[in-house]
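If you read the sequences in order, they're chains P and U. Counting in our numbering, the first sequence runs from 16 upward without gaps. Counting in our numbering, the second sequence runs from 62 upward without gaps. From the three backbone atoms N, C-alpha and C, an ideal C-beta is built for every residue, glycine too. Some notes on the structure that comes next.
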Amino acid sequence: MAIEFTLNGTLTSLEVDPAMPLLWAIREQTGLTGTKFGCGIGACGACTVHVDGTPVRSCSTPVESVAGREVTTIEGLAQNGELHPVQRAWIEHQVPQCGYCQSGMIMAVAAALEQNPRATDEDLQAAVTNICRCGTYQRIREAVQSITATTEASSV
Amino acid sequence: MSEHERPPVDEQAAETPTDESQEPSRLRKWSRRAFIGAGTLAGGGLVLGVGGVLFSPNRLRVMPDGSEGNGQLGTWIRITPDNRINVLIPHCEMGQGALTGVAMLCAEEMEADWQLVDIEQAPPEDIYANGYLVRAGLDEFGVKIPRWLERPLDYVSYKAMDMASIQTTGGSMSTRGTGQFGMRVAGAAAKLMLLDAGAEHFAVPVEELTARASRVTHEASGQSATFGELASLASTMKVPNGPPLKPRSAYRLVGTSQNRADIPGKVVGEAQYGIDVVVPDMVYATITAAPIPGGRLASLDPAPAMGMPGVLDVVQLEDAVAVVADGYWNASQALAALNPQFTDGGVGGVDTGAIRGMHATAIDDEGVGEAPESARIVTAEYCVPYLSHATMEPMVATARIANGRLEVWAGTQDPLSSRRVAARAADLDEEDVTLHNQQLGGGFGRRLPGTYDYIEQAVEIAKATSPRAVKLVWSREEDMCHGYFRPFVMSRQAGALDAEGRAVFWSHVYTGGFSDSMAARPVYGVDDLDVRSAGMPEHLRTGAWRSVASSQHGFFVESFVDEMAHAAGRDPVDFRRSMLDEEPRHAAVLERVAELSGWGTALPEGRARGVALVESFGSIVAQVAEVSVENGAIRVHHVYCAVDCGIAVNPQQALAQVQGGIIFGTSSALFHEITVQGGAPVQRNFPEYDMVRLNNAPLVSVAFVDSGASIGGLGEPGVPPVAPAIANAVYALTGQRLRDLPLRLA
């Protein structure tokens, strides 16, 4: 039975085992490899995507559970050819090192800021529990602060 | 050091070209083992290379893959008529930003416009072997390394000389090795040839020309030409011997922060890692290997897997079983359905307690030096566990055997030796093997030479899937349990203090090899110093783990010096400083971190500071950790850090490496431990091998001390001081001296 969902704005239909984790369906069936495999048990967050705007760990989300829903991956975060503010801040602050965790990290941070555009450090660390083995946390904080500061400034 | 440093030139005379090397290249020696070669690009332009030990005249005809048609000689700089400069670097990118720094050193000497410089990773061909690693470890450049002669070579130099051909990224060596001793020379030589070309082109004396921003200018006449316009002519100029290098004071680019070229692709999901490789018609595999080192596959019934969805094959290796399927998920489901039986390698009864006992016995047998009679004698025993590298990307390799050739796609820290491993596994000549190196989802030593089991496995499985390619992906559990672990190491130390509270004797006996002794040796001036290895009882496979021996010895030595300070009733910073009269760079770094951290000033109730100072990989790093105890757990609030790495080539990247190293060190200090039960590693995934995350990542403040000394490494030196600084702070706070990692309060 085909499972249908919207992937980065495009209606997608996959003939796969309904229990297959969304991660592998995305990576191996649609060819979008920006979403990464880290642990397979939802512990590290490298596989984070948005399902209807909510961050989920796709390695432990059966693909059948996203039927009829909207899935966004790192490849779909930029809109109309413009990088998402988190992606821009990541370049400006030179956040990634090896970069392997950063697709998931960026998706988790983008969702957290969508939820709370004025997120403090404490809000951020409660919402984003992803692992970065290279240890880029300081720059993640600084990059996010640069975004929330802009939000503050523009709302004054 | 003189105004213009000159690399040593053992033989000033030009080499007589051999028959093979006459056209289109010419070659000059600039040291006993290294050469500058130059030639003309087929489409016009200059190609110039400086090579290490393997760059010899008859190698100039070796054309790397993809070089057909552009005349690339497998060397390091190309200048094309459109005025682009292409820098080829024999190192890989694993997030450390070294490619950018190395290219900056080249552009600096060359007077190139940084905006016109493109960076390319050199393909895995012998000609790119980075023999400069050896050189960077040897004190041949007038670089003062304190007490160098008393110390053996550092680990990577030792390993490098041990190997015939290497293309390693490790040992924090890219910038201080290739960059400092290769790329600067290449850039300087190219500049001289471009100036000579300008002199001929404008028919003016070369002394009247200047090179700047990829342009040669004759100010008197107002004439100028781009490097690109002069490149073809430059390629016919005399290749310089030992070109002079710029003095530090003339640097324009080095020392300024430049963005890394690999970052934009990493924020949009386009960067391609080993796990992202797609080869037409490929299949997927995952594997489980013998859980106990030395174990073999004893029996297996493949039937339960064979009927499962998407399963194509069950491949039995000597010590592992792999399932081949149409995707990773199906392969992993089928693998889980199997019940392979493995032998225990004769060590199935070993556990962590037994390993600890073996180490203690080894130290007992060696014996710690006996302290002379003195006012106060201090003794202590420390221990660190096996550690997994736990790169975020598990081990992955794709292999295809077809038409007598093997292709491998993998992320490795040494593509050349990876290719050799792959060729051996396939029983092919290296020339019949192509290795496509991919971006690394973390390295930290796990993808260094000697650790390519995942490549061997992929090649073995590819024999079964031939002519189809197979992508082998390890599960996290496989990755965690089949590491080349940071070794389990024990240290026993004895120290003696005189009546004035000065350390007069220090004996340090540790388990570990010869190559560890540099890290094990305290930098402090103690008259009677006795540092010895007790040999190395082994159980699990071990390898280099970010900062190698310094990761454990930083903890041992800096914990013990702290114990001596407290025994002497002295302030830990003052005590260290009093023993650094002969080491002004170390003293300055210690001073700087004390100032940065507000050492000695009051802290909020329930917090305390600890300090540590470690030199490793050519850089000196001091840290102060500020800790508290919350709900019975150690919390690290802030790590202050002072670094003397000589020159920070690309300051924002230098900072990134130190920031990251401190987090890496904090994770291991607080959480990491691979224990052994029934002969096998116990921890299998992140919950049992947890990492620092945003919610417990300390703030990090870093100050660079600009000593102007030779460039030091930075990938690793941020790691070693973290654990002892935290442990020393915990002692100051609680009075508990924690001598085992990870740090656990009683």
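query: Just how far apart, CA to CA, sit residue 772 of chain U and residue 506 of chain U?; result: 21 Å
query: Is the Cβ of residue 113 of chain P closer than 8 Å to any Cβ of chain U?; result: yes
query: Classify residue 785 of chain U: buried if its beta carbon has 16 or more other beta carbons within 10 angstroms, exposed otherwise.; result: buried
query: Confirm, please, whether the CB-CB distance from residue 402 of chain U to residue 359 of chain U is below 8 Å.; result: yes
query: Please specify which runs of the beta strand (DSSP E), each continuous and at least 3 residues long, are wholly inside the stretch 495-565 of chain U, giving them in chain order.; result: 531-534 and 550-558
query: Beta-carbon of residue 180 of chain U versus every beta-carbon of chain P: anything under 8 Å?; result: no
query: State the start and end residues of the unbroken beta strand (DSSP E) segment that holds residue 147 of chain U.; result: 146-150
query: For residue 348 of chain U, write down the residues that DSSP places opposite it in a beta bridge.; result: U:383
query: Within the same chain, show all residues whose beta-carbon is closer than 7 Å to that of residue 287 of chain U, passing over the 5 residues directly before and after it, in chain order.; result: 144, 275 and 276
query: Buried or exposed for residue 498 of chain U, going by 16 or more other Cβ atoms inside 10 Å?; result: buried
query: Using a Cβ cut-off of 8 Å (strictly closer), state whether residue 713 of chain U contacts chain P.; result: yes
query: Look at the alpha carbon of residue 67 of chain P and the alpha carbon of residue 48 of chain P, and state the distance between them as a whole number of angstroms.; result: 20 Å
query: Using the beta-carbon of each residue, which ones in chain U are nearer than 9 Å to residue 71 of chain P?; result: In chain order: nothing, as chain U lies at least about 17 Å away.
query: Pick helix, strand or coil for residue 324 of chain U, following the three-state DSSP scheme.; result: helix
query: Per DSSP, residue 747 of chain U is paired with what?; result: None; residue 747 of chain U has no bridge partner.
query: Out of U:471, U:379 and U:342, which one is the CA nearest neighbour of residue 529 of chain U?; result: U:342
query: Out of U:158, U:149, U:339 and U:153, point me to the one whose CA is closest to residue 714 of chain U's CA.; result: U:158
query: Assuming residue 284 of chain U is part of the beta strand (DSSP E), what are its boundary residues?; result: 284-287
query: Can you give the Cα-Cα distance for residue 177 of chain U and residue 251 of chain U, rounded to whole angstroms?; result: 15 Å
query: Using alpha carbons as the reference points, say which of U:109, U:334 and U:558 lies closest to residue 253 of chain U.; result: U:109
query: Kindly indicate which residue of U:272, U:244, U:246 and U:247 has the alpha-carbon position closest to the one of residue 257 of chain U.; result: U:272
query: Cβ of residue 452 of chain U less than 8 Å from any chain P Cβ?; result: yes
query: Which runs of the alpha helix (DSSP H), 4 residues or longer, sit entirely within the stretch 639-680 of chain U?; result: 645-658
query: Consult DSSP for residue 125 of chain U and reduce its assignment to one of helix, strand or coil.; result: Reliability fails at residue 125 of chain U, whose pLDDT of 32 lies under 50, so the model's placement of it is uncertain and no value is given.
query: Please check the pair residue 671 of chain U and residue 789 of chain U, which I expect to be a contact at CB under 8 Å, by giving their CB distance rounded to whole angstroms.; result: 3 Å
query: Mind checking residue 518 of chain U: buried by the 16 CB within 10 Å criterion, or exposed?; result: buried
query: Nearest to residue 559 of chain U by CA position, among U:600, U:602, U:434 and U:806, is which residue?; result: U:434
query: I'd like to check one pair, residue 732 of chain U with residue 705 of chain U: are the Cβ atoms closer than 8 Å?; result: no
query: I'd like to know whether the C-beta of residue 498 of chain U is nearer than 8 Å to at least one C-beta of chain P.; result: no
query: Can you look up residue 420 of chain U in the DSSP assignment and give me helix, strand or coil?; result: helix
query: When you compare only the Cα positions, how much space is there between residue 154 of chain P and residue 103 of chain P?; result: 13 Å
query: Closest Cβ-Cβ distance between residue 789 of chain U and chain P: below 8 Å?; result: no
query: Tell me the DSSP bridge mates of residue 341 of chain U?; result: Answer is none; residue 341 of chain U lacks a bridge partner.
query: Can residue 64 of chain P and residue 21 of chain P be called in contact, C-beta distance under 8 Å?; result: no
query: Just checking, does the stretch 741-751 of chain U make contact with the stretch 790-803 of chain U on the three C-beta pairs under 8 Å criterion?; result: no
query: Does the beta carbon of residue 58 of chain P sit closer than 8 Å to a beta carbon anywhere in chain U?; result: yes
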